[in-house]
Every structure is written in C-alpha cells, then in structure tokens.
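Protein chains in written order, with this note's numbering: chain F, 17 to 129; chain U, 335 to 447.
All C-beta atoms in this analysis are idealised placements derived from N, C-alpha and C, irrespective of residue type, glycine included.
I have placed the structure first, in the form of structure tokens, so that the comments after it can refer back to it.
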Amino acid sequence: KNQVEQSPQSLIILEGKNCTLQCNYTVSPFSNLRWYKQDTGRGPVSLTIMTFSENTKSNGRYTATLDADTKQSSLHITASQLSDSASYICVVFRTGGGNKLTFGTGTQLKVEL
Amino acid sequence: GAGVSQSPSNKVTEKGKDVELRCDPISGHTALYWYRQSLGQGLEFLIYFQGNSAPDKSGLPSDRFSAERTGGSVSTLTIQRTQQEDSAVYLCASSVPGGIEQFFGPGTRLTVL
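Following this line, the structure appears as structure tokens:
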C-alpha cells in the first residue's frame, strides 16, 4: 500500500533553533518527493522538489534530504523564525503523473519566542 | 490570474443541503485537482481534470459528490445532501500540461451543522 508517514506529529521549538522533520514512504514506483508548507487557513506552498537522483536540496533556510534506498526524507529548518509556524507536508509522486500522489498527514510546527 | 482562487472561503450549511464550491485555476493550467483535508488528516484526492480527457473520479467518496469543469477553466465541486462528515477544507490545485508542480488555492472551509 502506498503510504507516507511523517514524524513528529507536532513540534514546538524556540525561535532561532534548528529542527528536523522526518518523512518515510512506501510509495512505488517513485517519481519525486516534495515538501510543502501550509500556513493556517492557506493552501500548501511547495518548498522543495527532489527526484530519485537528488539527495539534497535547499531553499533558503530549508534543506531537504532524500535517501531513495531507505525511502526516507527529512526537512531541516535552520535558525527558525516565528513565520515558520505552519504544517509541513511530505508528498510523494508515483511515476505516471496525473493524480498519482500520496500525502503525509503533516508535522505541525510551532515556533515560540 | 495570479494564483488559484476558490470561493467561498467559508461555507456553513445545514445537514441535507446541497453546496457548490468553486475553483478558478491559474490561466493556462489545463490540469485541475480537488482535494479534501479533514481535521488531523492528510490531503485526500477527490477528482482530477486534464484538458478534454475524461476526469479521474476515483477519489470521490460517494455519489453525493460530483464535479465539473466548464470550458476547461473554472471548476465546481458539488456536494449533495451534505452530511456532518463532509465538514473539511476543500482544496483546489492546478498545473501546466505535463507539469509536476501543483499550485494550490486557499481552500474552502465547509462546516455542516
């Protein structure tokens, strides 16, 4: 069964600290993996997209890693800011495009002063 | 337009009533997706439109749900005889032909009393 599991479910950190969110998947055949940020009351916004051959990709303070062998990905946030408070969703696309994607349930991150 | 827009942003209805949710995709995006996001759950695929092809309705949870896309642009998701379990945020996304990047709208929060 194609699944995407994320951990932790929720996380609270102090402003300025770093954190790492995890994503494990069993989706096959794999096409690409992306991380989305979803602010409360807003639609998801793409942070990074990684294909099978990529094992790391950065977008500002966000760095995603991918290990296609172990089917694990992580999203590392450096020097967190209050505006980083959001839900972070891992999404895995299967080959074939179209609607062939599986969403994780997300990690709810709260950054506090 | 500048992005995917959805209306209304919030909808409160009584059980048993019909509702219509609207999505305006980004101009030129021939692919359009509807998702449902229930509280504490991951995004759930509902239906996918691609150009003039027959839509993929495999994600619609029951025959109370239907969607159409007129003129290859605006789409309407209709829920008939709403139930309390239909309460969720309904998200629409669009992409260019063959594109893997999906751009999400802000969603419509549906509450069925």
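Under the three-state reduction of DSSP, U:Glu419 is assigned to helix. F:Thr121 belongs to the set of residues whose beta carbon lies under 7 Å from a beta carbon in chain U. Against chain U, the CB of F:Arg110 has no partner CB under 7 Å away; the residue lies outside that interface. Taking a C-beta cut-off of 9 Å against chain U, the contacting residues of the region 55–83 of chain F are Gly57, Arg58, Gly59, Pro60, Val61, Ser62, Ile65, listed in chain order. In this structure, the alpha-carbon of F:Thr36 lies about 27 Å from that of U:Leu425. In this structure, the straight-line span from the alpha carbon of U:Pro431 to that of F:Gly120 is close to 25 Å. Residue state for F:Thr123 is assigned as strand, using DSSP reduced to three classes.
For the 7 Å CB-CB criterion, F:Ala102 and F:Gln25 do not form a contact. Among the bridge pairs identified by DSSP, U:Ile381 is matched with U:Trp368. Between F:Thr81 and F:Thr72, the C-beta gap is smaller than 7 Å, which places the two residues in contact. An exposed status is given to F:Asp85, since fewer than 16 other beta-carbon atoms sit within 10 Å of its beta-carbon. The C-beta of U:Phe438 comes closer than 7 Å to at least one C-beta of chain F. A residue is called buried when at least 16 other Cβ atoms come within 10 angstroms of its Cβ; U:Asp352 does not meet this threshold and is exposed. A distance of 7 Å or more separates the beta carbons of U:Leu444 and U:Ser428.
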